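Undergrad: Protein chains in written order, with this note's numbering: chain A, 89 to 504; chain B, 89 to 504.
Each residue gets a CB set at the ideal place from its N, CA and C atoms; glycine is no exception.
As the structure is a prediction and not an experimental result, all values here were calculated from the model.
1) Take residue 217 of chain A as the anchor and find which of A/381, A/255, A/229, A/238 has the nearest alpha-carbon.
2) Tell me whether residue 260 of chain B, by its Cβ, gets closer than 7 Å to a heavy atom of the ligand HEM.
3) Got a sec? Which residues, its chain only, sit under 6 Å from residue 110 of chain B by beta carbon, not counting five neighbours each side?
4) According to DSSP, is residue 262 of chain A part of a helix, a strand, or is it coil?
5) Locate the beta strand (DSSP E) running through residue 108 of chain B, then write down its first and last residues.
6) Can you tell me the Cα-Cα spacing of residue 139 of chain B and residue 225 of chain B, whole angstroms?
7) Given that a residue counts as buried once 16 or more other Cβ atoms are within 10 Å of its Cβ, and exposed if not, what is residue 148 of chain B?
8) Distance check for residue 434 of chain A and residue 179 of chain A, CA to CA, integer angstroms please.
9) By DSSP, does residue 314 of chain A sit in helix, in strand, or in coil?
10) So with CB distances below 9 Å, who are the chain A contacts of residue 202 of chain B?
11) For a contact defined as C-beta to C-beta under 9 Å, what are the partners of residue 393 of chain B on chain A?
12) Looking at the strands, I want to know which residues DSSP matches up with residue 320 of chain A.
13) Taking residue 295 of chain A as part of the beta strand (DSSP E), name the residues at either end of that continuous run.
14) Among B/170, B/350, B/318, whose alpha-carbon lies nearest the alpha-carbon of residue 335 of chain B?
15) So residue 311 of chain B and residue 282 of chain B are supposed to be a Cβ contact under 8 Å. How far apart are they, rounded?
16) Report yes if the C-beta distance between residue 223 of chain A and residue 158 of chain A is below 8 Å; otherwise report no.
17) By the 9 Å beta-carbon criterion, what residues does the stretch 354-383 of chain B contribute toward chain A?
18) Run through chain A and tell me which residues come within less than 9 Å of residue 221 of chain B, C-beta to C-beta.
19) With a CB to CB cut of under 8 Å and the five nearest residues on each side skipped, what residues in its chain are close to residue 120 of chain B?
20) Decide if the stretch 408-415 of chain A is in contact with the stretch 438-449 of chain A; the criterion is three or more beta carbon pairs, one per stretch, under 8 Å apart.
21) Any beta carbon from chain A within less than 8 Å of residue 238 of chain B's own beta carbon?
22) Beta-carbon of residue 216 of chain A versus every beta-carbon of chain B: anything under 8 Å?
23) Ordered along the chain, which non-local residues of its own chain (more than five positions away) have a Cβ less than 8 Å from that of residue 286 of chain B?
24) Under a three-way DSSP split, which group does residue 399 of chain B fall into?
25) Buried or exposed for residue 477 of chain A, going by 16 or more other Cβ atoms inside 10 Å?
26) Leaving out five residues on either side along the sequence, give the residues of the same chain with a beta carbon under 6 Å from the beta carbon of residue 289 of chain B.
27) Where do the N-terminal and C-terminal ends of the beta strand (DSSP E) with residue 251 of chain A fall, by residue?
28) Taking Cβ to Cβ, would you say residue 294 of chain A is nearer than 8 Å to residue 351 of chain A?
29) Rounded to a whole number of angstroms, what is the C-alpha to C-alpha distance between residue 488 of chain B and residue 479 of chain B?
30) Does residue 501 of chain B have its Cβ less than 8 Å from a Cβ in chain A?
31) Which whole-angstrom value is the C-beta distance of residue 126 of chain B and residue 231 of chain B, which I expect to be below 8 Å?
32) Do you know whose CA, among B/495, B/423, B/462, lies nearest residue 472 of chain B's CA?
33) I'd like the span of the alpha helix (DSSP H) that includes residue 437 of chain A, first residue to last.
34) Output yes if chain A places a C-beta closer than 8 Å to the C-beta of residue 91 of chain B; else output no.
35) What are the boundary residues of the alpha helix (DSSP H) that includes residue 57 of chain A?
36) Report yes or no: is there a C-beta of chain B within less than 8 Å of the C-beta of residue 143 of chain A?
This is the structure:
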């Protein structure tokens, strides 16, 4: 894409009251626009990052047998009354409104109960199981405070998956497969080494539940970590008994700030019992479905990436999520501009994703924008370089500069 | 995909009170699930149709220079007060709620004002123009009645595009380009010949506005049509003067029922004036931006397609929007099942989209489902056919049956 066509502008200004680094940088670099506290719009550049993250998650969810669907934002009161969660005393983040005939409706802060209600429609027999469904869906949550940018929004994008199994054994098998799939997602996003499966308190059905916590200074959580043994737990379960069970001792644990990027829940049959969600087993008897729920915060991940991959000059996108791989800068005479135009067309034809800064602007401004917007590679075409028959390729993450011939450049970029 | 893995089931039942044919068929065929009146969830099969429609629209919007973005559903009161449209007396379909501190918020029934507010942030000079942005976004509208299935929902998916131009001439150029792009969309969806650019009453800035109306018995609109001259107008502008201007006479006009599948608006500078949306022109003076708005109802189109392309046996998806191209049925002995398994894998490897009915079910049930779900081709593998070294390919739309060898079959399906 040509920068002269792209409507977004970088800026040094951030809205008053925006204190989170991720939101500040994403707003300044033109990736998001602040609608109100905790509510952001995604510009054309920002949406490309979101779609890249979604695609990685989608591939890994499909790989474990997940089937994508899309629920509605509007929800019925009755759906949530089965579990007592319509009540504002139980769930204090509901947004609610009314139809013209005064029927109360809610806006989806979660889709657990609605998805179960839908699946009841299709699932009757043990032959129908297992079922794994997921969606990418806006969640609307009436948070009291929203100061963390994309890390905690009033409106945010989540991947939520649900599993229906015949029994605990089948559930546990998928739970483990999904745990592995989640770690593959985080590795592909470039935060795998800093993401820990963290033991947290279980519910009625399991001693422990699990969170996926990524080390992040701006995170809202804290975990106790033994890096060597790769064991992490949260404060809830910090007891002598738990420590013994996990094979660590208190003195070896380091307290680190983290952001929760994913979570997995074993509902057992509790929710099925509340919602009367049954199937007929092989013996012809009714049995409650064993349920699991698996979340990944898509927009939160965009925030976490910026918190972790940025420096004083701006964002440093990991390659898998970068909106474009290359930021092409042309400097100098008409001949250099012509050369950059040709190179842009050539790279496009070879499916290299390029943002081409073809603006009539000072080189300094283009370089500053390249660093703020954070594409993995900056590619420079200039009069001086043209005289040497070379192109300059700069790696955003390391600052490494390479002088390459046309063939070397293509070999490098096309293989990315 | 294997039918035995897909969680959806076909059914003869529709929810009480669901009177629209499109919703009845889509629910029975397992494409949508009714959450409440006017609110539907999309199953894995239904979402594939939605994504196919979106992709066609996306390609055509990108081709005229549109840039995709994503706004929020939560909206601020202040944004809409500039134009007086926060008031329930002016806009009677708002869903509203409140933050914890009693701040009122709205849920996006439209994104016109919010998008303009966002673009004000990036657009300052004539050099920044033109700008064309669009999104695919849920709209939430508190409709009093919702009886038309996907044709009029309380929650529905729209493509909305907005254009910013320096003057009326530039606006009109894009308006015409978009009109052409819209007709390409409708032709690609298979409803081009039945879709008419219909003259409707203009606003402050134009004598006429334009709607895209598709002939459809279940539609909520009516237009006056001269098929021969390909001229259509709605009742609002039925005057001797208008008829003369459009070159038709009253007696030649046929009244037909239609569904509005797209609309385009010329706002002129009215909204810019209300929202103080200005740019600096070449002479260094402030000038109001010339605005346009362009909608296509994505989920409504899914409903229109079903209304138009269905028979007493079920849905007949046009190829471009079908969730899968082929419905593969295996009948008979283990050897036939093995043959179908191999064929399924082979077609998948050649990127032919196949829904494989591998269920342990009667042939009649598989054939009935194939017709109800409406994939363009049914492909049958059976003991009898295997003995003849043939495959049976049945065209859903015409009922035409072909007996093909393996090579003929592949040549036919891979080229689709």
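TA: Quick look at the numbers:
1) For the purposes of this step, residue 217 of chain A is taken as the residue at position 129 of the first chain. For residue 217 of chain A, the closest alpha carbon among the candidates A/381, A/255, A/229, A/238 is that of A/255.
2) The ligand HEM is not part of this structure, which contains no ligands at all.
3) Locating residue 110 of chain B in the second chain gives position 22, where the first residue counts as 1. Correct list, in chain order: 237, 238, 391, 394, 395.
4) Here residue 262 of chain A refers to the residue found at position 174 when the first chain is read from its first residue. Helix at residue 262 of chain A.
5) The residue given as residue 108 of chain B occupies position 20 in the second chain. Element bounds for residue 108 of chain B: n/a, residue is neither H nor E.
6) One-based indexing of the second chain puts residue 139 of chain B at position 51. One-based indexing of the second chain puts residue 225 of chain B at position 137. If you take the alpha carbons of residue 139 of chain B and residue 225 of chain B, they lie about 13 Å apart.
7) Counting from 1 along the second chain, the entry for residue 148 of chain B is found at position 60. Counting every other CB atom within 10 Å of its CB across the protein chains shown gives residue 148 of chain B a total of 16 or more, marking it as buried.
8) Within the first chain, numbered from 1, the residue matching residue 179 of chain A stands at position 91. Within the first chain, numbered from 1, the residue matching residue 434 of chain A stands at position 346. In a straight line, the C-alpha of residue 179 of chain A is about 55 Å away from that of residue 434 of chain A.
9) By 1-based counting over the first chain, the position of residue 314 of chain A is 226. DSSP, read as helix, strand or coil, puts residue 314 of chain A in strand.
10) Along the second chain, one-based indexing puts residue 202 of chain B at 114. Those are 123, 129, listed as they occur along chain A.
11) Counted from its first residue, the second chain places residue 393 of chain B at position 305. For residue 393 of chain B, no chain A residue has a C-beta closer than 9 Å to its own C-beta; the minimum C-beta separation is roughly 18 Å.
12) The count along the first chain starts at 1 and reaches residue 320 of chain A at position 232. A/286, A/313, per the DSSP bridge assignment.
13) What you label residue 295 of chain A is simply residue 207 of the first chain in a count that begins at 1. Where residue 295 of chain A is concerned, there is no enclosing beta strand (DSSP E), because DSSP gives it neither an H nor an E.
14) Reading the second chain from its first residue, position 247 is the one you call residue 335 of chain B. When the alpha-carbon of residue 335 of chain B is set against those of B/170, B/350, B/318, the nearest one is in B/318.
15) What you label residue 311 of chain B is simply residue 223 of the second chain in a count that begins at 1. What you label residue 282 of chain B is simply residue 194 of the second chain in a count that begins at 1. Not quite, the Cβ-Cβ distance comes to about 12 Å (not below 8 Å), so this is no contact.
16) Counting from 1 along the first chain, the entry for residue 223 of chain A is found at position 135. Counting from 1 along the first chain, the entry for residue 158 of chain A is found at position 70. Yes.
17) Listed by position along the chain: nothing, the set is empty.
18) As a working note, residue 221 of chain B is residue 133 in the second chain. Contacts between residue 221 of chain B and chain A, judged by CB atoms closer than 9 Å, involve 95, 131, 132 in chain order.
19) Position 32 of the second chain, counted from the start, is the residue given in the question as residue 120 of chain B. The beta carbon of residue 120 of chain B sits closer than 8 Å to the beta carbons of 111, 114, 128, 129, 130, 131, 134, 238 from its chain, once the five residues preceding and following it are set aside; these are given in chain order.
20) Cβ pair count under 8 Å is three or more, so yes.
21) Here residue 238 of chain B is taken as the residue at index 150 of the second chain, counted from 1. So no, residue 238 of chain B is outside the interface.
22) Counting from one through the first chain, the residue named residue 216 of chain A turns up at place 128. At least one chain B Cβ lies under 8 Å of residue 216 of chain A.
23) The residue labelled residue 286 of chain B in the question sits at position 198 within the second chain. Cβ contact annotation for residue 286 of chain B (same chain, cutoff 8 Å, sequence separation greater than five): 298, 299, 300, 301, 311, 320, 321, 322, 346, in chain order.
24) In the second chain, residue 399 of chain B corresponds to position 311, counting from 1. Residue state, collapsed to three classes: strand.
25) Working through the first chain from its first residue, we reach residue 477 of chain A at position 389. Within 10 angstroms of the beta-carbon of residue 477 of chain A lie fewer than 16 other beta-carbons, which makes it exposed.
26) Stepping through the second chain from its first residue, residue 289 of chain B is reached at position 201. Exclusion of the five residues before and after residue 289 of chain B leaves 324, 325 as the residues of its chain whose Cβ lies within less than 6 Å of its Cβ.
27) By one-based count along the first chain, residue 251 of chain A stands at place 163. Run containing residue 251 of chain A: 243-253, per the beta strand (DSSP E) assignment.
28) Taking the first residue of the first chain as position 1, residue 294 of chain A is located at position 206. Taking the first residue of the first chain as position 1, residue 351 of chain A is located at position 263. No, they are not a contact pair.
29) Taking the second chain and counting its residues from 1, one reaches residue 488 of chain B at position 400. Taking the second chain and counting its residues from 1, one reaches residue 479 of chain B at position 391. Rounded to whole angstroms, residue 488 of chain B and residue 479 of chain B show a C-alpha spacing of 14 Å.
30) For this step, residue 501 of chain B is matched to residue 413 along the second chain. No, its Cβ sits nowhere closer than 8 Å to a Cβ of chain A.
31) Taking the second chain and counting its residues from 1, the one referred to as residue 126 of chain B is at position 38. Taking the second chain and counting its residues from 1, the one referred to as residue 231 of chain B is at position 143. Contact holds; Cβ gap of about 6 Å.
32) In the second chain, residue 472 of chain B corresponds to position 384, counting from 1. Cα-wise, what sits closest to residue 472 of chain B is B/423.
33) The sequence position of residue 437 of chain A within the first chain is 349, counting from 1. 422-437 is the span of the alpha helix (DSSP H), which, as asked, contains residue 437 of chain A.
34) Working through the second chain from its first residue, we reach residue 91 of chain B at position 3. For residue 91 of chain B, the nearest beta carbon of chain A is not closer than 8 Å to its own beta carbon.
35) In this structure chain A extends from 89 to 504, so residue 57 of chain A is not present and cannot be described.
36) Position 55 of the first chain, counted from the first residue, corresponds to residue 143 of chain A. Taking 8 Å as the threshold, the shortest C-beta distance from residue 143 of chain A to chain B does not fall below it.
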